[in-house]
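Report on one structure; see the data block that follows.
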Amino acid sequence: MTVKNDRFAATLEVNGAAYTYYPVAGVPGSERLPYALTVLLENVLRNAEDSEAAEELAGRIVAAGNAGEVGSEVEFCPARVLFQDFTGVPVFVDFAVMREACAQLGGDPARINPQIPCDLVIDHSVIADEAGCAGALERNMELEFERNRERYDFLKWAQESFDNVRIVPPGAGICHQLNIEQFARVVMTSDAAGVAVAEGEAPVAYFDTLVGTDSHTPTANGIGVLGWGVGGIEAEAAALGQPITTLVPRVVGVKLTGRLSEGVAAMDVALTFAQMLRAKGVVGCFVECFGPGLDSLNATQRTCISNMTPEYGSTCTLFPVDEQTLAYLRLTGRSDEQVALVEAYAKAQGFWNDPAAQERAYAEVIELDLSEVERSLAGPSRPHDRISLSDVQERFRAVCADRGLDLHQTVQVDVRGQAFDITHGALAIAAVTSCTTATDPRMMLAAGLLATKAAEAGLSPKPWVKCILAPGSKATELLLERAELLDGLRRLGFYTCGFGCMSCIGNSGPILDALHDVADDVELASVLSGNRNFEGRISPDVSQNYLAAPAEVIAYALAGTMDVDLEHDALGTRPDGTPVLLADIWPTEEEIDALVETCVTRELYEAGTRGLYDGDAAWQALGKEPSDTFAWDDASTYVRRAPYFDGMEREPSAPEAIEGARVLGRLGDFITTDHISPAGSIAADSPAARYLEERGVAPADFNTYGARRGNHEVMMRGTFANVKLQNLLAEGKKGGWTRDFTDGQIRPLFDAAMKYGNAGVPLVVVAGKMYGSGSSRDWAAKGPMLLGIRAAFAESFERIHRSNLIGMGILPLQFLDGESAESLGLDGSERYTIAPIDFSAGLPEPSVVGVRAEREDGTTVEFRSVVRVDTPTEGRYYEHGGILQFVLRNLL
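If you read the sequence shown in my numbering, its first letter stands for residue -1, the second for the next number, and so on.
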């Protein structure tokens, strides 16, 4: 790593070893900067093109930070990139296509190569087809390889053919948990990052930072690593050495006081954060925690809180480094030298949590007394809709009343030859899953203790409940085994059925056939220890989804319904007929402490990650020879050459005006990337199914949209096809339907888009508030672009999705404050013309553009929209037709 701006460089001595570093203390006005802006400041000092540019960018950060305001543009160069497989496969498909395009344009394809370390974890494709029985893990792994061999072959080629790429095979764990257990260093050094250090020169030490293609990348914020989720499009550019442009953000401080009460878990704090900060409004802000309450939270409790960051729309939830951080690094096998460097560097850079230090300059401070946090759930469809455990039954009944559901209505189901009457709220799925809670040993031990006590009392889950246990890493399962708690979990049907996201990403597999058959008659429910519970996400058969700590997931499985007061109602009876209350089997803090003391050891994590990159025999049997370009298989239905670089031989020109555009989707508020991006199973009557059947794929082998993300033909056909999507143009039909204004018919949205495209008609979508909330899915932008959508109108955009739209050449247009499609009388039947916008200077001119919507009767509505291209770099991306085209032209 070349030392660019030696005017700002200094030497740091740590136990006799010397490092070059960039102290922020030398920048005037940096003394009270928030921790997060300290990291950004070091980043620009180290990476700016020259000392003058570094000084200018540093001044922007200091000025904005001390004023507590959004500042102007700076460039952030992450130290590494984290991929999960669903978003990682299309990234490497794009890299492969980019290499091919580079060669066709006369360049060296080997130049298309990640410039910084990239880790990809295969964790999103495993499905809980089998659950609740011995052998479930082995059977699900067999099915995973049967379904995904083409993808895995491609990933093996990518691992062999690109530099700076490590791939963790399936069956090892969740990317965010492995990130904090293994990948994160907290402080990076240039030699450890694979950069050659000249003889006699000291390696450069710098903050460990990252971006990831999963929105829950901020999990690592809990151990002092600044990182956030981006779309695969931005991640590709970062991996190729392009900086990420961002406005200096407002930083909101959360001052923690007190300590957690008996029985309250990190998940309860995370749900409290989600409710509190979503209500406060922190979209696009950085959040960081400080205060005397920090000491009472261990590192994994902090990572659980940080994991929930996307659910309130902020970019990160950062914790500074302290003794808790160092203890976790030692526990998970980091070397003494690395831990010493982290401590010395954090203290030298003012990143060490010092309770006696002066409070930093925050835009706003919110206080949370940890002693007031209650045991909580969130639901039935939004992570920030927190409910105190004592109020869950009342809230559930209120939801049913609002939906006109009669709780006295019952249906009979046959479960293994026995008849049961169930009603609304019957629990179809109880899943201990996901990176939110599996990172924290205390919560997993609590779940194991509760399960063991329940089994000893003779309790068991209701027969209609599908029980899923998906540990976040091998170390997590090993912990439960060494604590002698696996047997209790298995006695209740909680057998490990996979190491992956599973239910939280929608891979719950089929529910009980008897419940599937009545899913249209009663609203079924799920409880999971995850971070996402959007409508239609967990299972297409389940209408209400609730987030909870793992122990509470098991408690609800015992009850079998959401219509229960866990604090007062019996969960069942002992063999002697005496009732068993939740309080009778809830583990004490002393019981958990004792198991933590004896079982949570450094050796546990060393054993849990042994052979992390080796995979099983099926993975090892895969083979692809390295090559500069990929040999596409025309018969593949998993990995296809994408068309993004077609036409690259033409020089970029000013974006064309959008005239006479039709509305493909007239949508409401809180349209998530789950609604937009293809996810979950491929419906038998969908355009994607039709495409696969035409190519000889049997319905049993359709797999999921996530598994087929490397095939743009499948993905574009599944865009906007979520079964819960309500397109107001579809006259009451839910899912991927729209009105085709060429003939007035209601037809599949993909089919209508193709008709418009053949007729040369551009398309737009019109939506409400918080458009694009949720996961950082690049296909939520790639799919619309391939359908011919040129612009998206909304009252507000979620941060990652707005950026992804620009990255794919789609113009995000925001209604003026106080205006909406409803207030303007727009019903989606109009033709839209958007006035020309000039991006030659980077930022849009005008920044507020005129729009004319012409109705069928010839009358017009004229209004103005804010062009949400917020930085000059975003403007350059849009002018080139997208970020990938911009990067390739730069490399050439």
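Beta carbons: idealized from backbone N, C-alpha and C, even for Gly.
Range of the contiguous beta strand (DSSP E) that encloses residue 419: Walking along the sequence shown from the start, residue 419 turns up at place 421. From DSSP, the beta strand (DSSP E) with residue 419 extends over 416 to 420.
Inter-residue spacing [alpha-carbon to alpha-carbon] between residue 125 and residue 779: For the purposes of this step, residue 125 is taken as the residue at position 127 of the sequence shown. For the purposes of this step, residue 779 is taken as the residue at position 781 of the sequence shown. The alpha-carbon separation between residue 125 and residue 779 amounts to approximately 25 Å.
Cβ separation of residue 32 and residue 249, assumed to be a contact under 8 Å, to the nearest whole Å: To locate residue 32, count along the sequence shown from 1; it is residue 34. To locate residue 249, count along the sequence shown from 1; it is residue 251. Contact flag correct, Cβ pair sits at about 4 Å.
Beta-carbon gap between residue 112 and residue 238 smaller than 8 Å: Taking the sequence shown and counting its residues from 1, the one referred to as residue 112 is at position 114. Taking the sequence shown and counting its residues from 1, the one referred to as residue 238 is at position 240. For the pair residue 112 and residue 238, the CB atoms are nearer than the 8 Å cut-off.
Those residues which DSSP pairs with residue 735 across a bridge: Against the sequence shown, residue 735 aligns to sequence position 737. Residue pairing from DSSP places residue 735 in a beta bridge opposite 746.
Alpha helix (DSSP H) segment containing residue 400, residue limits: For the purposes of this step, residue 400 is taken as the residue at position 402 of the sequence shown. 390 to 400 is the extent of the alpha helix (DSSP H) around residue 400.
Residue 35 vs residue 63 beta-carbon contact at 8 Å: By 1-based counting over the sequence shown, the position of residue 35 is 37. By 1-based counting over the sequence shown, the position of residue 63 is 65. Yes, Cβ-Cβ distance for residue 35 and residue 63 is below 8 Å.
Beta-carbon gap between residue 740 and residue 727 smaller than 8 Å: Sequence index remark: in the sequence shown, residue 740 carries index 742 (1-based). Sequence index remark: in the sequence shown, residue 727 carries index 729 (1-based). Their beta carbons are not under 8 Å apart, which means residue 740 does not touch residue 727 by this criterion.
At least three beta-carbon pairs within less than 8 Å, the region 596 to 605 to the region 470 to 480: Between the region 596 to 605 and the region 470 to 480 there are three or more inter-stretch CB-CB distances shorter than 8 Å, so the stretches are counted as touching.
Distance between residue 584 and residue 563 (C-alpha atoms, nearest Å): Translated into the one-based positions of the sequence shown, residue 563 becomes position 565. Translated into the one-based positions of the sequence shown, residue 584 becomes position 586. A straight-line Cα-Cα distance of about 15 Å links residue 563 and residue 584.
Proximal residues to residue 750 (C-beta, below 6 Å), its chain only, five neighbours per side dropped: Position 752 of the sequence shown holds residue 750. Taking residue 750 as the centre and dropping the five residues before and after it, the same chain places the C-beta of 736 and 738 closer than 6 Å to its C-beta, in chain order.
Cβ-Cβ separation, residue 430 to residue 508 (assumed contact under 8 Å), whole Å: Taking the first residue of the sequence shown as 1, we reach residue 508 at position 510. Taking the first residue of the sequence shown as 1, we reach residue 430 at position 432. Incorrect: roughly 19 Å between the Cβ atoms, too far for contact.
Exposure of residue 611, with buried meaning 16 or more beta-carbon neighbours within 10 Å: Within the sequence shown, residue 611 is the residue found at index 613, counting from 1. Flag for residue 611 reads exposed.
Every unbroken beta strand (DSSP E) inside the region 256 to 288 [3 residues or more]: Runs of the beta strand (DSSP E) inside the region 256 to 288: 284 to 288.
CA-to-CA distance, residue 29 to residue 16, given in whole angstroms: Locating residue 16 in the sequence shown gives position 18, where the first residue counts as 1. Locating residue 29 in the sequence shown gives position 31, where the first residue counts as 1. Our two residues, residue 16 and residue 29, have alpha carbons roughly 25 Å apart in a direct line.
Residue nearest to residue 160 in terms of C-alpha spacing, selected from 724, 889, 624 and 660: Here residue 160 refers to the residue found at position 162 when the sequence shown is read from its first residue. Closest in alpha carbon position to residue 160, among 724, 889, 624 and 660, is 624.
CB contact flag (residue 634, residue 781, <8 Å): The residue labelled residue 634 in the question sits at position 636 within the sequence shown. The residue labelled residue 781 in the question sits at position 783 within the sequence shown. Taking 8 Å as the Cβ cut-off, residue 634 and residue 781 do not qualify as a contacting pair.
Check whether residue 77 and residue 266 have beta carbons under 8 Å apart: By 1-based counting over the sequence shown, the position of residue 77 is 79. By 1-based counting over the sequence shown, the position of residue 266 is 268. Note that the C-beta distance between residue 77 and residue 266 is not below 8 Å.
Closest residue to residue 866 among 808, 855, 365 and 829 (Cα-Cα distance): In the sequence shown, counting from the first residue as 1, residue 866 sits at position 868. Ranked by Cα distance from residue 866, the first of 808, 855, 365 and 829 is 808.
Same chain, Cβ closer than 6 Å to residue 117, five either side skipped, listed in chain order: Your numbering for residue 117 matches position 119 in the sequence shown. Counting only residues of its own chain and dropping the five nearest sequence neighbours on each side, residue 117 has a CB closer than 6 Å to the CB of 80, 164 and 181.
Contact belief for residue 422 with residue 405 at Cβ below 8 Å, rounded distance in angstroms: In the sequence shown, counting from the first residue as 1, residue 422 sits at position 424. In the sequence shown, counting from the first residue as 1, residue 405 sits at position 407. The distance from the Cβ of residue 422 to that of residue 405 is about 6 Å, consistent with a contact at the 8 Å cut-off.
Integer Cβ distance of residue 776 from residue 217, believed to fall under 8 Å: As a working mapping, residue 776 is identified with position 778 in the sequence shown. As a working mapping, residue 217 is identified with position 219 in the sequence shown. Rounded to whole angstroms, the Cβ separation of residue 776 and residue 217 is 20 Å, and the two are not in contact under 8 Å.
Cβ shell of residue 724 (< 7 Å), same chain only, five flanking positions each side left out: Position 726 of the sequence shown, counted from the start, is the residue given in the question as residue 724. Within the same chain, 666 and 732 come within 7 Å of residue 724 by CB-CB distance, once the 5 residues on both sides are set aside.
Distance between beta carbons of residue 789 and residue 835, contact taken as under 8 Å: Here residue 835 corresponds to residue number 837 of the sequence shown, with the count starting at 1. Here residue 789 corresponds to residue number 791 of the sequence shown, with the count starting at 1. Cβ-Cβ separation between residue 835 and residue 789: approximately 10 Å, too far for a contact (criterion under 8 Å).
Assigned exposure category for residue 588 - 16 Cβ within 10 Å defines buried: One-based indexing of the sequence shown puts residue 588 at position 590. Counting Cβ neighbours within 10 Å, residue 588 comes out exposed, since fewer than 16 surround it.
Whether residue 149 touches residue 705 by CB criterion (8 Å): Here residue 149 refers to the residue found at position 151 of the sequence shown. Here residue 705 refers to the residue found at position 707 of the sequence shown. Using a Cβ distance threshold of 8 Å, residue 149 and residue 705 count as a contacting pair.
For residue 582, the nearest candidate out of 455, 613, 640 and 619 (CA to CA): As a working note, residue 582 is residue 584 in the sequence shown. Closest option to residue 582, Cα to Cα, is 455.
At least 3 beta-carbon pairs within less than 8 Å: the region 337 to 344 vs the region 256 to 276: No, the region 337 to 344 is not in contact with the region 256 to 276.
Residue 175 - DSSP class collapsed to helix/strand/coil: Walking along the sequence shown from the start, residue 175 turns up at place 177. Reduced to three states, the DSSP call for residue 175 is helix.
Exposure label - residue 168; buried when at least 16 CB within 10 Å: What you label residue 168 is simply residue 170 of the sequence shown in a count that begins at 1. That one is buried.
Burial state of residue 812, where buried means 16 or more other Cβ atoms lie within 10 Å: Against the sequence shown, residue 812 aligns to sequence position 814. Burial call: buried.
Residue 433 beta carbon less than 8 Å from that of residue 175: Taking the first residue of the sequence shown as position 1, residue 175 is located at position 177. Taking the first residue of the sequence shown as position 1, residue 433 is located at position 435. With contacts defined by Cβ atoms closer than 8 Å, residue 175 and residue 433 form a contacting pair.
For residue 350, the residue or residues it bridges with in DSSP: Taking the sequence shown and counting its residues from 1, the one referred to as residue 350 is at position 352. DSSP output for residue 350 lists 319 as bridge partner(s).
Pairwise C-alpha distance: residue 458 and residue 489: Counting from one through the sequence shown, the residue named residue 489 turns up at place 491. Counting from one through the sequence shown, the residue named residue 458 turns up at place 460. Cα to Cα, the separation comes out at about 8 Å.
From 875, 626, 37 and 539, residue whose alpha carbon lies closest to that of residue 515: For this step, residue 515 is matched to residue 517 along the sequence shown. When each option's Cα is compared against that of residue 515, the closest is 539.
Span of the beta strand (DSSP E), counted from its first residue to its last, around residue 782: What you label residue 782 is simply residue 784 of the sequence shown in a count that begins at 1. For residue 782, there is no enclosing beta strand (DSSP E); the residue is part of the alpha helix (DSSP H) that begins and ends at 777 to 785.
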